[in-house]
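Here the structure comes first, spelled out in structure tokens, and everything after it is commentary.
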Amino acid sequence: MNLQIDHSVVPIVKIYVLRLSREAYLDLYHHISEKYPLEACGILLGRIENGIAIVTRILPLRNIKESRTEFWIDEKEWIGKILEAQKQGLEYIGLYHSHPDAEPLPSPSDRHRMLECPGEVWLIVGYSPSSLTMAAYRVGDDGYSLLSLQVQKSI
0 MNLQIDHSVV
10 PIVKIYVLRL
20 SREAYLDLYH
30 HISEKYPLEA
40 CGILLGRIEN
50 GIAIVTRILP
60 LRNIKESRTE
70 FWIDEKEWIG
80 KILEAQKQGL
90 EYIGLYHSHP
100 DAEPLPSPSD
110 RHRMLECPGE
120 VWLIVGYSPS
130 SLTMAAYRVG
140 DDGYSLLSLQ
150 VQKSI
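Position 91, counted from 1, in the sequence shown is what numbering that gives the first Met the number 0 calls 90; the numbers after and before it change by one each time, with no gaps.
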């Protein structure tokens with residue numbers, strides 16, 4: 000079930016697990032490694048079943064800040080890609096972005112922006128050419144939640 004608010008689609012079900020398909024993971028890895036050392040960002044798409052957000056596709060977004068330490072998306076691009084994905088039967092799950100040469104912990108800016116997006120999943124990827132670590136978060140009525148994260152070979 001989804002709720003439309005201000006032209007965005009926000010999941011309103013509780014999510015406890017973020018599961019990435021192998022294809023989504025590889026697309027994510029390629030996007031982030033190509034944009035390094037700048038922060039990369041994009042959309043997580045798929046379906047939500049029984050508290051599990053299953054990401055089957057990612058769509059990169061342009062980071063209009065073009066920065067190593069922050070990202071900002073073009074809202075028109077973001078909404079357009081979400082609406083196009085919905086036509087293909089995909090649900091909007093949330094956003095991803097990278098932290099070049101840093102841990103996948105929400106920055107103060109991330110935490111503030113997450114509060115503006117209750118229900119969305121935020122996947123943060125710590126990336127350097129020698130390592131990749133990920134953490135998924137969600138803000139809900141119960142505050143910030145760290146989600147269990149799984150990468151699947153197939154979904």
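Using N, Cα and C, we set each Cβ at its ideal position, and we do this for glycine too.
When secondary structure is reduced to three states using DSSP, L27 falls in the helix class. In the structure shown, I14 adopts coil according to DSSP, grouped into three states. About 5 Å separates the beta carbon of P99 from that of P36, a gap short enough to meet the 8 Å contact definition. About 10 Å separates the Cβ atoms of I14 and I53, ruling out a contact at the 8 Å cut-off. Selection G50, Q87, S127 evaluated against E119 yields G50 as nearest (Cα-Cα). In the DSSP assignment, R61 falls outside any beta strand (DSSP E) and carries neither an H nor an E.
Collapsing the DSSP output to three states places Q85 in a helix. The beta carbons of R21 and Q149 sit about 11 Å from each other, so the pair does not count as a contact at 8 Å. For the beta strand (DSSP E) assignment, the uninterrupted runs of no fewer than 3 residues enclosed by the region 98-138 are, from N- to C-terminal side, 120-127. Straight across, the Cα-Cα distance linking E38 with S32 is about 10 Å. Sequence-distant Cβ neighbours of A134 in its own chain, meaning closer than 6 Å and more than five residues away, are P103, I123. Within the model, the alpha-carbon separation for D73 versus G41 is close to 11 Å. In the three-state reduction of the DSSP assignment, R67 falls in the coil class.
Nearest in C-alpha terms to R67, of all of R112, E115, A101, D141, is A101.
Contact check for T55 against A23 passes: the beta carbons are separated by less than 7 Å.
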